[in-house]
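Note sheet for the following structure.
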Amino acid sequence: MITITQEQIDAYQRDGVVMIPGALTNWVQVMRDGVERNMSEPGEYASENSVTEGRFFDDYVNWTRIPEFERIMRDSPVAQIAAKLMQSATAQFFHDHVLVKEPGTPKPTPWHQDGPYYFVEGEQTASFWLPLDPVRENSLRFIAGSHKWDRMVRPVSWADDSDFYDNKQDWIPVPDPDTDPGDMTVLEWEMEPGDAVVFNFRTAHGARGNHAGSRRRALSLRWMGDDARYIERPGRTSPPFPAHNMTQGQKLREDWFPVVWKDGGA
C-alpha cells in the first residue's frame, strides 16, 4: 500500500496529471523482466514505428501471456493509486503498453490524447507511465488541464501523421506548445525507476526523441473507474480488442477487463 495525499489528488483532478515519487520502487526488476520478455517474444500488436534511426518499439495487451505484467497489475499498488486519484470506488484494468526508445532514436512521440484512440469514455480514467531507466531530457510532457478541453485532439497515425479514422469528426488540431504555446502550461519531471506519472486518458501529452546514450524503457498500465463506459468509434480502435461484443454505454466486460480494486480492498 502507498499513501496518496489530498494534494496529489487535487493536482490530478486539476491538471489531469501528477507524478508519484517511488510509487513502484519495489517492482522495478519485475517490470524490467516483463519488458525484456515482451521484446524477445513480441505480441500480435508489436510495432517498430517506422523509425529510420535507432529503434522505437512498442507493444500492448500482453498481460495474459507475460506473467510479470499480470503480477504488477494485480499485486502492486497501481490499482489502489488509480482508484484514489480517479476518486473512484473501483479500478478496472484496461491494458498494458510497453514503449522502448533505444539510444540515438530522434523520433518524437507526437502530441496526442489517448482517449480518441480508445473505445472508452468517462472522467474517471488513469494511465500510468513507469520509466525503467533514469529520465532526464526525454521524459513525457503534458499540457496541464487539457483533460477538460471541450473537444478532443485529432487522432493521427504515428507513422505518417494521417487521420487515424476515415470518418471526419469535430476534432481540434494537434497542439504544439513549443512553437505556439498560447496559454498552455507544459508539465514534465525528471524521474527515477520506480517513480510514476499518472494521467487522465484525455490529457494531451508527447515526448522528445531519445538523444541520450542510454535506453528509455517504460511500462504503461491503463485503468478505468466507476463511470467508464464503452463508446462506438468511427473505425478500428487502438487497441482493437476484436469480437468484444460490447454495446454503446455498456460497462466494459470484466472477464476481459478485470476489476482489481474495490473500495476497501481487492
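For the sequence shown, position 200 matches number 200 in full-length UniProt numbering, and the numbering has no gaps at all. Cβ coordinates follow ideal geometry from the N, Cα and C atoms, glycine included. Quick caveat: nothing in here was measured; it's all calculated off a predicted structure.
- Between Gly209 and His112 a beta carbon distance of about 16 angstroms is seen, past the 8 angstroms cut, so the two are scored as non-contacting.
- Taking 8 angstroms as the cut-off, the Cβ atoms of Val18 and Val198 count as close.
- Between the alpha carbons of Trp223 and Trp256 lies a distance of about 13 angstroms.
- For Asp163, the closest alpha carbon among the candidates Arg202, Leu187 and Arg236 is that of Arg236.
- Annotated as proximal: Ile20 and Asp195, with beta-carbon spacing under 8 angstroms.
- Contact fails between the region 165-177 and the region 69-77, because fewer than three Cβ pairs, one in each stretch, are under 8 angstroms apart.
- Here the C-alpha atom of Glu44 lies approximately 30 angstroms from the C-alpha atom of His147.
- Distance from the CA of Gly34 to the CA of Ile4, rounded to the nearest whole angstrom, comes to 26 angstroms.
- Scanning the region 184-229 for uninterrupted beta strand (DSSP E) segments of 3 residues or longer gives 196-199, 205-207 and 216-224, listed from N- to C-terminal end.
- Pro110 sits in a strand when the DSSP states are folded into three classes.
- Of the candidates Arg65, Lys84 and Leu24, Lys84 places its Cα closest to the Cα of Asn200.
- Rounded to whole angstroms, the separation of the alpha carbons of Thr203 and Gly145 is 7 angstroms.
- Restricted to the region 51-81, the alpha helix (DSSP H) segments that are unbroken, complete and at least 4 residues in length are 67-75, listed in chain order.
- Setting aside the 5 residues that flank it on each side, Arg55 is surrounded in the same chain by Glu48, Val100, Lys101, Glu102 and Thr105, each with a C-beta closer than 8 angstroms to its C-beta; the list follows chain order.
- Where Gln248 is concerned, there is no enclosing alpha helix (DSSP H), because DSSP gives it neither an H nor an E.
- In the structure shown, Lys168 falls within a coil segment according to DSSP collapsed to helix, strand and coil.
- When secondary structure is reduced to three states using DSSP, Thr25 falls in the helix class.
- In the structure shown, the three-state DSSP call for Val100 is strand.
- Contact between the region 132-141 and the region 209-219 is present: three or more C-beta pairs spanning the two stretches fall below 8 angstroms.
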